[in-house]
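The listed protein sequences derive, respectively, from chains A and B. Last residue of the first sequence? That's 404 in the working numbering, and every number before it is there in order. Last residue of the second sequence? That's 1404 in the working numbering, and every number before it is there in order. We put the beta carbon where it would ideally sit given N, CA and C, even for glycine. Note that this is a predicted model, so its numbers are computed, not measured. For reference, the structure is listed below as structure tokens.
There are 2 protein chains.
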Amino acid sequence: MNKESADSITADEFTVAGFKAAGISCGIKKTGRKDLAIILSDSPASVAGVFTTNRVKAAPVLIDMELVRSGKSSGVLVNSGNANACTGRKGYKDALQSVRATEDCLGLPKGCLLVASTGVIGVPMPIEKVCAGLPRLVEGLRPGGLHDASEAIMTTDAFAKRAFGRAKIAGKTITIAGIAKGAGMICPNMATMLAFFMTDANIKPVTLKKALLSAVDSSFNSIIVDNDTSTNDTALIFANGAAKGAEIKAASRDFKAFAALLTEVSLELSHKIVKDGEGATRFIEIDVRGASTPVEARQAARTIASSFLVKTAFFGGDPNWGRIMAALGYSGVRMDEKSVSIFFNNVCVARRGLDTGAEVLAAKAIKSKTVNVRVELKAGGHDAKVWTTDLSYDYVKINSAYRT
Amino acid sequence: MNKESADSITADEFTVAGFKAAGISCGIKKTGRKDLAIILSDSPASVAGVFTTNRVKAAPVLIDMELVRSGKSSGVLVNSGNANACTGRKGYKDALQSVRATEDCLGLPKGCLLVASTGVIGVPMPIEKVCAGLPRLVEGLRPGGLHDASEAIMTTDAFAKRAFGRAKIAGKTITIAGIAKGAGMICPNMATMLAFFMTDANIKPVTLKKALLSAVDSSFNSIIVDNDTSTNDTALIFANGAAKGAEIKAASRDFKAFAALLTEVSLELSHKIVKDGEGATRFIEIDVRGASTPVEARQAARTIASSFLVKTAFFGGDPNWGRIMAALGYSGVRMDEKSVSIFFNNVCVARRGLDTGAEVLAAKAIKSKTVNVRVELKAGGHDAKVWTTDLSYDYVKINSAYRT
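Here it is in structure tokens:
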């Protein structure tokens, strides 16, 4: 496995064989920034997706959930600036119309493109702007266009999120490229916000879905910025086989290698989302060890990562481990405070439930850009990691002023 | 029923027959503010309590849970500035020592006083300061001392919380006085933070507990500031029968009147806690109608009240109803967005899941100090109200700087 940093390669090198992409501004965003993207495979690709668990689902999510069942797709049209959620029957029609128009533009058969949206909820889609922009979008399609596409899917993101991985699998060099957007409304109940993966691997949809589920679980489903699960969360992967490798079969060594590569790329993207968390000043890893069950390990880590009080203490650089202990106490997991030890970047602040007096060292540790919070429960043999941000003035600023 | 405002009566009028109280500074708080209180009944009173559901319980909580079982108590010693939580065996001994010393000071038998603490977690109790302050505290005991006691239990509170109610019950005028503290770490999983009620009613402990549970459920358990359930939450009620009324028996008309009066007093205190919510600029009532079950009604209201995004939108005065719809969608309650209507102070912003175009009116409505958010689910016949705050810069400021 040879995961390169997507940030160290040029836009023209950020490509996957047999894929083209483009990103333009079509006027949905008042700022004039890019807001419309397309990713297209030269040939119909295997496709798999995971979607928000929110009962309120945006129109594009409803459409894609239906379409991915066929296991084949040629690509996806994405807009930012409008979520097309809580927009009723008109929103559904708008989303359908936009993909139909794109398919027409490209001379593709009906139903072979997917669609995704992100932005404000409850506002009708300016569908005429999307349709007017389509010819220019399609004209711009090129192998190096993924870079533009990654910018066109941003909303409150401070930077575009790209990740790139390459490995020799099934006798060929396989590439996986991923782009994602997300900075708020981030809570791990399914793929968080939008993430798109393109690969030239040869793999059937059902096997591809297995790899995607396992990658998403340990990456996108393990990050928390706030506790709000979006109406639009979508992760899609397209595999077009353009590397001309042998088929990657489930449970094979090749599958393991492919799934590992996809997980690496997913992890990089999901950590970038946390680093770009709205108002975030620190990247915090909640590292729970020794829970009774895997579910409890995850639950403990999530509860700590969700606590307003823990997150504001991190912002203030205050090694207030009592708030972590309190969060553990109401998390619902089995624990005995007398067994619990807590470390900030390896500085032990609480040992077997009691203060160690290491406050000065701990305060220094917690003021890093990256903080590892290790919680040893000693209640069993199960671990979990969750990544999160602190809660700052800027989080409040960004979200109290989002639409105004 | 004749609930008077505790704020419109003088300190000397804020009394209950047969109760004395006091509040002083003993040096736990570095600021020199009051930090030690006592409430004492002239004769052993019926007592009932509800406590935090957090698995991590402060030493005083553990002690009180044991002691209230007897159903009798003469009063409670309370300190602020230190929670005596996560302090191990020493914390437990410290708490016991402080009540024993108080009992000695007063010439009372062992085990007739309760104890409560609030403040920072994980720091050993300066027990010598408490013991040194006791003679002065006890000396200050007087009927009008509840006012001082209400100040001595404050931590980050901006104002002391007092409530007062009077009604003719069982042939006599019965008084209930309540004091409470709390501004952060507020989440409804049992009585929130500290609340103490004193009444001169004649009522057995088991009946008293019924009244307390019902009062707490619709007041303290229905408020949310952040989502953190404290290690120290405690609500205690003392009934000494000093009004010399007939016994208030369970399921009687008198009991109904008593429970209603206690609920009124609890509601007033709990709303004061929300109004003093850390950094709060608005008092928000989440008013869910038409859920499938009472549990789902409460769950929907709590999820909305807990959402970072909903709370920051309120702070910004942004009538962003999409965030409320999204919160409903991930709340887990049965709902269909096409049936849901949302109102801000009676301005309908979403009707049957769609925007009404009332944004300008709604923006005006939401900028009030008090906002009613009515959510009509049309999924059944059950309603619930939860009270909460917005999420402001000052919440972050207060909590990122709490100890430093």
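Q | Closer than 8 Å to chain B by CB, A/D233 | A | No, A/D233 does not count as interfacial toward chain B.
Q. Is the Cβ of A/W387 closer than 8 Å to any Cβ of chain B?
A. no
Q: Note down the Cα distance separating B/P1188 from B/W1387, rounded to an integer number of angstroms.
A: For B/P1188, the pLDDT reaches just 37, beneath the cut-off of 50, and the residue's location in the model is therefore unreliable, although a value from the coordinates is still provided. Going from the Cα of B/P1188 to the Cα of B/W1387 covers about 10 Å.
Q.
Against chain B, with Cβ distances strictly below 8 Å, would A/E296 count as a contact?
A. no
Q. How should B/T1155 be labelled, buried or exposed, when 16 other C-beta atoms within 10 angstroms of its C-beta is the threshold for buried?
A. buried
Q) For B/D1104, does the count of other Cβ atoms within 10 angstroms reach 16, so buried, or fall short, so exposed? A) exposed
Q: Label A/R55 either buried or exposed according to how many other C-beta atoms from any shown protein chain fall within 10 Å of its C-beta, with 16 as the threshold for buried.
A: buried
Q: Tell me whether the beta-carbon of B/M1125 lies closer than 8 Å to the beta-carbon of B/D1094.
A: The answer is yes: Cβ separation under 8 Å.
Q) Can you give, in chain order, each stretch of the beta strand (DSSP E) that sits fully within the region 315-386 of chain A and has at least 3 residues? A) 341-344, 347-351 and 370-376
Q) When DSSP labels each residue in this structure, what does A/R166 get in the three-state scheme? A) strand
Q) What is the DSSP secondary structure of B/G1133, counted as helix, strand or coil? A) Note: B/G1133 maps to helix in three-state DSSP.
**Q.** Coil, strand or helix - B/V1123 by DSSP
**A.** coil
Q.
Rounded to the nearest angstrom, what separates B/R1069 and B/R1162 at their Cα positions?
A. Distance between the alpha carbons of B/R1069 and B/R1162 is about 27 Å.
**Q.** Backbone CA spacing between B/K1041 and B/V1047 [nearest angstrom]
**A.** Checking the displayed sequence, the identity of residue 1041 of chain B turns out to be Ser instead of Lys. Taking the straight line from one Cα to the other gives about 11 Å.
Q | For A/V78, the residue or residues it bridges with in DSSP | A | A/A37 and A/A116
Q: May I ask which residues mark the beginning and end of the alpha helix (DSSP H) holding B/L1146?
A: L1146 to A1152
Q: Grab the span of the alpha helix (DSSP H) containing A/A260 for me, first residue to last.
A: R253 to K275
Q) Secondary structure at A/R142, three-state DSSP: helix, strand or coil? A) strand
Q.
DSSP three-state label for B/S1025, please.
A. Here B/S1025 sits in coil by DSSP.
Q | Cα-Cα separation, A/L208 to A/G71 | A | Looking at the two C-alpha atoms, the distance is approximately 9 Å.
(Q) Using only the alpha-carbon positions, how far apart do A/E139 and A/I324 sit? (A) 53 Å
Q) How big is the Cα-Cα spacing for B/I1174 and A/A58? A) 56 Å
Q) Leaving out five residues before and five after A/L134 in sequence, what residues of the same chain have Cβ atoms less than 7 Å from its Cβ? A) A101, T102 and C105
Q) Are the C-beta atoms of A/R282 and some chain B residue less than 8 Å apart? A) no
Q: For A/M198, name the three-state secondary structure that DSSP assigns.
A: Residue state, collapsed to three classes: strand.
(Q) Excluding the 5 residues flanking B/L1267 on each side, which residues of the same chain have their C-beta closer than 6 Å to its C-beta? (A) S1219
(Q) I want to know whether the region 74-82 of chain A touches the region 112-131 of chain A - three or more CB-CB distances under 8 Å. (A) yes
**Q.** Extent of the continuous beta strand (DSSP E) run through B/I1179
**A.** K1172 to K1181
Q) Do B/E1264 and B/I1203 have their C-beta atoms closer together than 8 Å? A) no
**Q.** Members of the region 68-96 of chain A near chain B, C-beta cut-off 8 Å
**A.** A83, A85, C86, T87 and G88
Q.
Does B/G1088 come out as helix, strand or coil in the three-state DSSP assignment?
A. For B/G1088, the three-state secondary structure derived from DSSP is helix.
Q: Report yes or no: is there a C-beta of chain B within less than 8 Å of the C-beta of A/V371?
A: no
Q) A/R69 lies in the beta strand (DSSP E); which residues open and close that run? A) Unbroken run through A/R69: none, as it is neither H nor E.
Q: Tell me where the beta strand (DSSP E) around A/D287 begins and ends.
A: F283 to A291 is the extent of the beta strand (DSSP E) around A/D287.
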